[in-house]
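Below is one structure, written out as structure tokens; comments come after it.
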Amino acid sequence: MSLFLKTYCQIKEGEVHINGELFCQHMDEDPFLRSIYKHIGLTYPKFFKMDALSQLGFLGAEMTIMRSEMEQYADDEVAVIYSNRSSSLQTDQQYYQSLKSGIASPSLFVYTLPNIVVGEICIRHKLFGENNFLITERFDAKQLIDQCEALFQDEAAKAVLIAWTEVNGEEHDGFFAFVTASGMNEVTPESLTDLYLGR
Amino acid sequence: MSEVFIGAKSVLCPLGDTPSKVYEAMLNGESGLNAVEKPFGVDTTSQIGLIPDHLIPQEHMDSLRLTNMLAACYERSVRKLRFDTFQDKGGLVIICTTKGNIDKIGQPDDPRLPLGRLGRFLQQSFDLANDPMIISNACISGVLGIITAARLIRAGKYDHIMVLGGDIVSEFTLSGFASLHALTDDVCKPYDKNRTGINLGEAAAGLVLSNDETIFKGTCDEYISGASSNDANHISGPSRTGEGLYRSIDRTLKLASISPKQVGYLSAHGTGTSFNDEMESIAFERSGLSETPVNSMKGYFGHTLGAAGIIETLFGLEGMKRNQLVASLGFEEMGVSRPLNIITQTTAPSSEYFLKTASGFGGCNAAALFKLG
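In order, the protein sequences belong to chains A and B. Quick note: the first sequence, position 172, residue 1221 per our numbering, numbers continuous. Quick note: the second sequence, position 69, residue 83 per our numbering, numbers continuous.
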């Protein structure tokens, strides 16, 4: 079966690219993710409660979904499937430090699951569709595309927001793609890998 | 839709290490939960479900508890197949876990800490043809692993998929649930008036899904359909209307073209927290499942997180096969606002269809339907 790419977005090394075009660069004094938040003119106070993984995944979803003609889908026809290497490890370590300092932080503990970012996106965009969070050692286009195909064949979704979201301190590696069951721009695991690698 | 078969059960849990022995203990009303003084240094009186150390084989690649648990289940499930199919490209292993080797969190340089490494150890030890897929989607990881496996088989991506679920009890998870005030002060009482929270338990369990029923040495059952749905409501609290769970069940039954009345047994999530159990009762009523025999297995081995969906599906299938569904341990007096037909003594399912559901943090919910083989 053929799959199609509607929009893609990359957040990496202080730059945001949308559909291959430079969208914004990290120039101001704010941390990178906060500067993107400001750049896109978002007003969403919950953003500031999120951990870094959720902030990265949330911003990528925001910019990708805005350009993907969401109005044509029912509220349960868009699935969200995210992936990364380290799960929520950075927040796990922050929670563990809070525990060792004597006060285990419940607000940090809630973010020690990688799929919380998917929940944040579903709340923001009122998406009642399918979810999944996959852990792979590196960006694995085949696993993500297989998931889309399996969902489309089961008629469980008509479009899927897939993503790779890895955070390590101030290093961000986010790649987001809106994949549909019908469209113009065919996508394969190979072509998606090329886009991720900027080839 | 093409047929998907499910079987080759393996388990390691506080009540034992074979499906039949554990199920017999459950039928006898035994619980694997025990009081431990300050477990893992955490100040709680909540009982926990630990696998006795002697049940965890140590001959595997490293000293990590979870890895050894998963490896043991892999080997036992493979022994129930006519051949080891995971060493060729048509076979895949899916690992469902929320926290992986979280007991290494105090050693940040340990290369086994990142979750992505968990699959590599199994791949190398067992010479797996494909890298294992790891699903980490909170407490629905196990059910979602089963649904994902069935979909990948139906889409023609693989012929046989082993779904392994596993999580350990650790200082990390115990202290975290304690900080959320989610732990019960003793033992959990799902759906009961006096329920106060969850117990944590550790387990690993395996099931194999395949497009070929002849690969199983013993009997197998059938996977019919499944779906997941997000509440789009709150990241750590269940929806007041049970929206995502209701939608998951509704889609699952519609895909199977059966009515709620035809479901003969419902294995629910039933964690024993006030909000979860109440939410489920609302979703089940909306789904037309108020009269379906239902239980929660959390009283037998606690909430086993990423393993929960696999181990509870496994024992649900075991109960269907034996025509003996276990009582919902810990339940005495109705404590949710909507009617439920909670199993209070060993009973027979009312049809050959078995529905498994789960809900978790991040607002996620899943349902999967099986038919007795």
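Using N, Cα and C, we set each Cβ at its ideal position, and we do this for glycine too. Because the structure is a prediction, the values reported are computed rather than measured.
Give every residue of the same chain whose Cβ lies closer than 6 Å to the Cβ of residue 159(B), excluding the five residues on either side of it in the sequence, and list them in chain order. Only 108, 110, 149, 177 meet the Cβ criterion.
Could you compute how far the alpha carbon of residue 142(B) sits from the alpha carbon of residue 101(B)? 5 Å
Are the CB atoms of residue 292(B) and residue 355(B) nearer to each other than 7 Å? no
I need the boundaries of the beta strand (DSSP E) containing residue 290(B), first residue and last residue. First-last for residue 290(B): 288-300, but that is the alpha helix (DSSP H), not the beta strand (DSSP E).
If you check the beta carbons only, do residue 50(B) and residue 62(B) fall under 7 Å apart? Between residue 50(B) and residue 62(B), the gap from beta carbon to beta carbon is short of 7 Å.
Measure how close the beta-carbons of residue 179(B) and residue 30(B) come, nearest whole angstrom, since I'm counting them as under 8 Å. Contact flag wrong, Cβ pair sits at about 17 Å.
Would a check of beta-carbon distances place residue 244(B) closer than 7 Å to chain A? yes
Contacting residues, own chain, Cβ-Cβ under 7 Å from residue 164(B) (five flanking each side not counted): Around residue 164(B), the same chain offers 18, 223, 237, 240 as residues with beta carbons nearer than 7 Å, after the five sequence neighbours per side are excluded.
Listing by chain order, which chain A residues have their CB less than 8 Å from the CB of residue 122(B)? 1142
Could you tell me which chain B residues have their CB closer than 9 Å to the CB of residue 1185(A), listed as they occur along the chain? 130, 133, 145, 147, 148
Short-range partners of chain E found in the segment 1177-1206 of chain A, where Cβ spacing is below 9 Å: In the structure shown, chain E cannot be found, because the protein chains are A and B.
Whether residue 318(B) touches residue 197(B) by CB criterion (7 Å): Note that the C-beta distance between residue 318(B) and residue 197(B) is not below 7 Å.
What residues in its chain sit with their C-beta under 6 Å from that of residue 95(B), if we drop five residues either side in the sequence? 22, 229
Would you kindly work out how many angstroms separate the C-alpha atoms of residue 1217(A) and residue 1186(A), rounded to a whole number? If I take the Cα positions, the gap works out to 14 Å.
Whole-angstrom Cβ separation of residue 281(B) and residue 244(B), contact assumed at under 8 Å? Not really, about 21 Å apart at Cβ, beyond 8 Å.
Counterpart residues of residue 355(B) in DSSP-defined beta bridges: 307(B)
Between the segment 245-261 of chain B and chain A, which residues of the former have a C-beta closer than 9 Å to a C-beta of the latter? Within the segment 245-261 of chain B, the residues whose Cβ lies closer than 9 Å to some Cβ of chain A are 245, 246, 247, 248, 249, 250, 257, 258, 261, listed in chain order.
Can you check the segment 76-123 of chain B for any beta strand (DSSP E) of at least 3 residues that lies completely inside it and give the ranges in chain order? 105-110
Under a three-way DSSP split, which group does residue 19(B) fall into? strand
Is residue 1130(A) near residue 1196(A), with beta carbons less than 7 Å apart? yes
Can you tell me where the alpha helix (DSSP H) with residue 1239(A) in it begins and where it stops? 1238-1246
Closest to residue 1060(A) by CA distance: which of 1097(A), 1147(A), 1215(A), 1158(A) is it? 1215(A)
Would you kindly work out how many angstroms separate the C-alpha atoms of residue 420(B) and residue 276(B), rounded to a whole number? Beyond the ends of chain B as shown, which are 15 and 387, falls residue 420(B); an answer cannot be given.
Residues that residue 158(B) contacts on chain A, provided the C-beta gap is smaller than 7 Å: 1181
Look up residue 39(B) in the DSSP assignment and say whether it is helix, strand or coil. helix
If you count every other CB in all the chains shown that lies within 10 Å of the CB of residue 135(B), and 16 or more means buried, which is it? buried
For a contact defined as C-beta to C-beta under 8 Å, what are the partners of residue 1122(A) on chain B? By Cβ distance, chain B contributes nothing, its closest Cβ being about 14 Å from residue 1122(A), past 8 Å.
Evaluate the contact criterion for the segment 1071-1081 of chain A versus the segment 1179-1194 of chain A: three or more CB pairs, one atom per stretch, below 8 Å. No: fewer than three Cβ pairs fall under 8 Å.
Selection from 357(B), 231(B), 263(B), 189(B) that minimises the alpha carbon distance to residue 91(B): 231(B)
I need the DSSP call for residue 212(B), collapsed to helix, strand or coil. strand
For chain A, find out if any of its Cβ atoms is closer than 7 Å to the Cβ of residue 171(B); answer yes or no. At a cut-off of 7 Å, the C-beta of residue 171(B) has a neighbouring C-beta in chain A.
Do residue 325(B) and residue 219(B) have their C-beta atoms within less than 7 Å of each other? yes
Under 8 Å between beta-carbons, which chain A residues line up against residue 378(B)? List them in chain order, please. 1164, 1167, 1168, 1180
Could you tell me which of 1199(A), 1127(A), 1194(A) sits nearest to residue 1239(A), measuring between CA atoms? 1194(A)
Can you check whether the C-beta of residue 1210(A) is within less than 7 Å of a C-beta belonging to chain B? no
Check distances from the C-beta atoms of the segment 45-76 of chain B to those of chain A and list, in chain order, the residues that come in under 8 Å. none
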